Amino acid sequence: MKENDTVKIHLPRKADYASLIRLAVSGIASKIGFDIDVIEDIKVAVSEVCNKIVSLSTENCDKYYDITFQLFSDGLKVQFKVPGGFAGKMFEGESGEFAYAIISSLMDEFSVDCNGDCIITMGKNLGAE
Amino acid sequence: MKENDTVKIHLPRKADYASLIRLAVSGIASKIGFDIDVIEDIKVAVSEVCNKIVSLSTENCDKYYDITFQLFSDGLKVQFKVPGGFAGKMFEGESGEFAYAIISSLMDEFSVDCNGDCIITMGKNLGAE
Amino acid sequence: MFTLKLDNQTGDKLEITLSGEIDIASAPEFKTKLYDLVGDGKKDIVLFCDGLKYIDSTGLGILVGALKKVKLHQRNVYIYQLKDNIKKLFHITGLDRVFVLEEAV
Amino acid sequence: MFTLKLDNQTGDKLEITLSGEIDIASAPEFKTKLYDLVGDGKKDIVLFCDGLKYIDSTGLGILVGALKKVKLHQRNVYIYQLKDNIKKLFHITGLDRVFVLEEAV
Ligand SMILES: Nc1ncnc2c1ncn2[C@@H]1O[C@H](COP(=O)(O)OP(=O)(O)O)[C@@H](O)[C@H]1O
Ligand SMILES: Nc1ncnc2c1ncn2[C@@H]1O[C@H](COP(=O)(O)OP(=O)(O)O)[C@@H](O)[C@H]1O
Chain A
1 MKENDTVKIH
11 LPRKADYASL
21 IRLAVSGIAS
31 KIGFDIDVIE
41 DIKVAVSEVC
51 NKIVSLSTEN
61 CDKYYDITFQ
71 LFSDGLKVQF
81 KVPGGFAGKM
91 FEGESGEFAY
101 AIISSLMDEF
111 SVDCNGDCII
121 TMGKNLGAE
Chain B
130 MKENDTVKIH
140 LPRKADYASL
150 IRLAVSGIAS
160 KIGFDIDVIE
170 DIKVAVSEVC
180 NKIVSLSTEN
190 CDKYYDITFQ
200 LFSDGLKVQF
210 KVPGGFAGKM
220 FEGESGEFAY
230 AIISSLMDEF
240 SVDCNGDCII
250 TMGKNLGAE
Chain C
259 MFTLKLDNQT
269 GDKLEITLSG
279 EIDIASAPEF
289 KTKLYDLVGD
299 GKKDIVLFCD
309 GLKYIDSTGL
319 GILVGALKKV
329 KLHQRNVYIY
339 QLKDNIKKLF
349 HITGLDRVFV
359 LEEAV
Chain D
364 MFTLKLDNQT
374 GDKLEITLSG
384 EIDIASAPEF
394 KTKLYDLVGD
404 GKKDIVLFCD
414 GLKYIDSTGL
424 GILVGALKKV
434 KLHQRNVYIY
444 QLKDNIKKLF
454 HITGLDRVFV
464 LEEAV
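Residue numbers (our numbering), protein chains in the order written: chain A, 1 to 129; chain B, 130 to 258; chain C, 259 to 363; chain D, 364 to 468.
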């Protein structure tokens, strides 16, 4: 991991920004050198988390959220910080289980670490498949 | 101006992020409903400022900078915050003058407001041309 | 943006073409349109998906909801011509064994 | 990404095709390649730009630098077939009156 650049996007918790996220993920993932199928997988996985953040209501209902991308020479890490109670609900229910299965399968790393707030991390390595 | 969403992008001061900026600007401007030629103009104008931020060295040389997009139902505002001494140099010299002329001409609003740090603002209205 | 088009409707079968992107922005409209057509669930549902470019977990959940309705009447949901990237999502979620997936018509 | 291709070189003329995107990332390479070809500036420069999709103020500055070199020897820079979005930048900056812009060859 020679390089370590961060790109952070701060955006409204609104469904209409889904297409902007897919566009930004494409731009970032293609900079690392992933091929087109893997870029598609990363778009799907990132979008799943964004969708849950947008669609679930939270106690302290922030109007905005951040996506943090860490670019390495050999991979990409994507992080989201979400309130604790919220993270518990994200992967519940039918479509929550689908989301969890999809992200786990498409990404090389996927974790939800809670300590008060939760950090959702997903990673994809270059040349892992 | 019914809606007022903000998208903020925090990114490295590196030349290789130029294409990501153009992609993000396309995604944001197309959400507002600008036509393809106007989107092209906005990409060019935003990129001019990003280029100067990337290529000039500053005293307190931050490795990152922020671009703030405000989306209205009838237009787009883009803001950059840059150190004061830096803003003075951005539009100097031949290519600096070209940049200033290009941004002034392509955008409906363009201002550099300094009070210690400088806020560079550019705006484009929907349906103004 | 997605489109849902009713191609054909017989006594026991609804043929529907899905295309475009079913994401969080378009999911509510997709749910309303699909469930309106499915009604009580007394007909088989056939979905032609060769123009479907993107569907997320919310969209998959909506399809499962439709399946549940028709299963109550011993009917089924047939999904034709999924693109590879979307078929992958059906495999991952096990939904390839829940719906009837077919390559060609 | 851009490409700079030397098409033809005679005693008093260099013909070059530019294509792609000349942005802040590619400008240093563009400057080196162009100035290497221009040398002392004793030849006219002809640039074919129908494949040039993007150029920014830094790129324009580099073109002006080349122009200055050849003007020292009463030579000129001819720019052919600019796309409309780029021709607009030449008008805005007044460079349409500094270079010789031509529609077709
Ligand atoms: N991988 C999976 N993860 C979570 N749920 C699944 C998965 N695969 C299938 N399901 C479940 O399958 C169910 C399909 O509906 P159901 O009426 O039970 O069909 P069947 O009776 O044919 O199994 C859905 O409710 C869904 O929760
Ligand atoms: N709109 C403009 N803004 C700033 N500089 C310009 C503009 N138009 C032309 N120039 C200047 O024109 C110069 C062109 O070079 P020059 O050798 O002076 O050509 P000429 O002698 O034909 O005018 C450049 O140095 C550039 O600074």
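Every residue gets a Cβ at the ideal spot worked out from N, C-alpha and C, and that includes glycine.
Computed from a predicted structure; not experimentally measured.
Do you know offhand how far residue i's Cα is from residue j's?
i, j, result
"K406/D", "Y441/D", "11 Å"
"L369/D", "F411/D", "10 Å"
"D395/D", "R460/D", "Inspection of the sequence shows that residue 395/D is occupied by Thr rather than by Asp. Each residue's Cα considered, the two are about 25 Å apart."
"F393/D", "L367/D", "8 Å"
"K218/B", "I182/B", "10 Å"
"S19/A", "I39/A", "14 Å"
"Q372/D", "K143/B", "36 Å"
"L340/C", "G319/C", "17 Å"
"I165/B", "G383/D", "19 Å"
"L276/C", "K160/B", "24 Å"
"V427/D", "L464/D", "13 Å"
"A158/B", "F357/C", "40 Å"
"D413/D", "L292/C", "48 Å"
"R22/A", "V49/A", "12 Å"
"K8/A", "V136/B", "10 Å"
"D447/D", "V44/A", "37 Å"
"G374/D", "Y443/D", "20 Å"
"F91/A", "E361/C", "31 Å"
"P286/C", "P391/D", "49 Å"
Any beta carbon from chain A within less than 8 Å of residue i's own beta carbon?
i, result
"D314/C", "yes"
"K204/B", "According to the sequence shown, residue 204/B is Gly rather than Lys. So no, G204/B is outside the interface."
"V356/C", "no"
"S148/B", "yes"
"M130/B", "Unreliable placement is indicated for M130/B, whose pLDDT of 45 sits below 50; no coordinate value is reported for it."
"N343/C", "yes"
"L318/C", "yes"
"T290/C", "no"
"I337/C", "no"
"I350/C", "yes"
Just tell me which of the options has its CA closest to the CA of residue i.
i, options, result
"P212/B", "A158/B, G245/B, A228/B, V167/B", "G245/B"
"D386/D", "G404/D, L415/D, R438/D", "L415/D"
"Y17/A", "M259/C, Y293/C, G269/C, G278/C", "M259/C"
"L235/B", "V463/D, T456/D, G424/D", "T456/D"
"F86/A", "A29/A, F110/A, A15/A, S55/A", "S55/A"
"H436/D", "N448/D, L426/D, I408/D, Q444/D", "I408/D"
"E378/D", "D447/D, K446/D, N439/D, E384/D", "N439/D"
"S389/D", "F220/B, L152/B, N180/B", "N180/B"
"F198/B", "F220/B, G156/B, E221/B", "G156/B"
Closer than 7 Å by C-beta to residue i: which residues in its own chain qualify, once you throw out the five before and the five after it? Chain order, please.
i, result
"P12/A", "K63, Y64"
"D5/A", "L71"
"H139/B", "Y193, D195"
"N254/B", "D203, G204, D237"
"K376/D", "K406, D407, V409"
"C114/A", "G84, A87"
"D399/D", "none"
Within its chain, find whatever has a CB closer than 6 Å to the CB of residue i; leave out the 5 residues flanking it on each side and keep chain order.
i, result
"V46/A", "V25, V78"
"T250/B", "Q208, S240"
"C118/A", "V82, G84, A87, V112"
"L353/C", "none"
Hey, is residue i's beta-carbon within less than 8 Å of any beta-carbon in chain B?
i, result
"D16/A", "yes"
"D5/A", "yes"
"I130/A", "Residue 130/A cannot be examined here, being either before or after the span of chain A that is shown, 1 to 129."
"A388/D", "yes"
"L127/A", "Here the sequence assigns Gly to residue 127/A, which means Leu is not the residue at that position. So, not an interface residue."
"I53/A", "no"
"I28/A", "yes"
"K43/A", "no"
For residue i, collect the residues of the same chain with a Cβ closer than 8 Å to its Cβ; drop the 5 residues on either side in sequence, then sort them by chain order.
i, result
"M130/B", "Since pLDDT at M130/B reaches only 45, below the 50 mark, its modelled position is unreliable, and the value read off the structure follows with that caveat. Around M130/B: F201, S202, D203, G204."
"F34/A", "I42, L76, K124, L126"
Examine chain C for any beta-carbon lying closer than 8 Å to the beta-carbon of residue i, and answer yes or no.
i, result
"S47/A", "yes"
"S105/A", "yes"
Under 8 Å, Cβ to Cβ, is there at least one residue of chain D near residue i?
i, result
"I249/B", "no"
Report yes or no: do the region 343-350 of chain C and the region 99-113 of chain A share at least 3 C-beta pairs separated by less than 8 Å? Per the Cβ contact rule, the region 343-350 of chain C is in contact with the region 99-113 of chain A (3 or more Cβ pairs under 8 Å).
Across the region 92-99 of chain A and the region 311-324 of chain C, are there enough close Cβ pairs to call them in contact, namely three or more that are closer than 8 Å? In short, these stretches touch, since the Cβ pair count reaches three.
For the region 398-405 of chain D and the region 431-438 of chain D, state whether three or more C-beta atom pairs, one from each stretch, are separated by less than 8 Å. As far as the Cβ criterion goes, the region 398-405 of chain D touches the region 431-438 of chain D, which means the pair count is three or higher.
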